[in-house]
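Position in the sequence shown (from 1) plus 20 gives the number in the numbering used here.
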Amino acid sequence: QVQLVESGGGLVQAGGSLRLSCTASISRFSIYTMGWYRQAPGKQRELVAFISTRGSTNYADSVKGRFTISRDNAKNTVYLQMNSLKPEDTSVYYCNTQPYDSYLWGQGTQVTVSS
21 QVQLVESGGG
31 LVQAGGSLRL
41 SCTASISRFS
51 IYTMGWYRQA
61 PGKQRELVAF
71 ISTRGSTNYA
81 DSVKGRFTIS
91 RDNAKNTVYL
101 QMNSLKPEDT
111 SVYYCNTQPY
121 DSYLWGQGTQ
131 VTVSS
């Protein structure tokens with residue numbers, strides 16, 4: 021069974037940092053472009069960042085310069101380093117392939133940024 025398990029969320033003050041991890045039980049993980057998504061209450065899920073198989077990265081304008089996505093193919097893991105967090109970053113964060121596979125959504129990890 022294919023699974024994506026996110027971890028690393030929590031409560032942090034504005035300006036703080038968190039590092040999210042997502043471990044995938046996907047065979048041949050390295051062939052997939054992987055993304056981090058987030059969904060705030062009452063809002064649509066949005067793509068935050070993605071990393072290609074070759075390691076090239078792309079970010080939403082709202083997080084550019086503050087978030088860094090990376091991957092470790094040996095560990096089937098993708099990371100999201102989040103710095104200078106803002107209250108508007110408060111969301112549930114999910115990883116998935118990019119474009120996403122509807123069958124792969126996990127439970128996500130809650131990030132709450134207090135002002």
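Note that beta-carbon positions come from the ideal geometry of N, C-alpha and C, so glycine has one too.
What whole-angstrom Cβ distance do residue i and residue j have, given they're in contact under 8 Å?
i    : j    : result
T110 : V131 : 6 Å
C115 : V98  : 6 Å
Counting along the chain, where does the beta strand (DSSP E) carrying residue i start and finish?
i   : result
G75 : G75 -> no beta strand (DSSP E), and no H or E assigned at all.
Kindly indicate which three-state DSSP category residue i falls into: helix, strand or coil?
i   : result
N93 : helix
L38 : strand
Cβ atoms of residue j and residue i: under 8 Å apart, would you say?
i    : j    : result
V22  : S45  : yes
T53  : S72  : yes
Y113 : L105 : no
Q27  : T129 : The question names Gln, yet the displayed sequence has Ser at residue 27. Contact flag set, yes.
T86  : M102 : First, the residue type needs correcting, since residue 86 is Arg and not Thr in the sequence shown. Closer than 8 Å, so yes.
(request) With a floor of 3 residues, list each beta strand (DSSP E) that falls wholly inside the stretch 98-134, ordered by position along the chain. (result) Scanning the stretch 98-134 from its first residue to its last, the whole beta strand (DSSP E) runs of 3-plus residues come out as 111-117 and 129-134.
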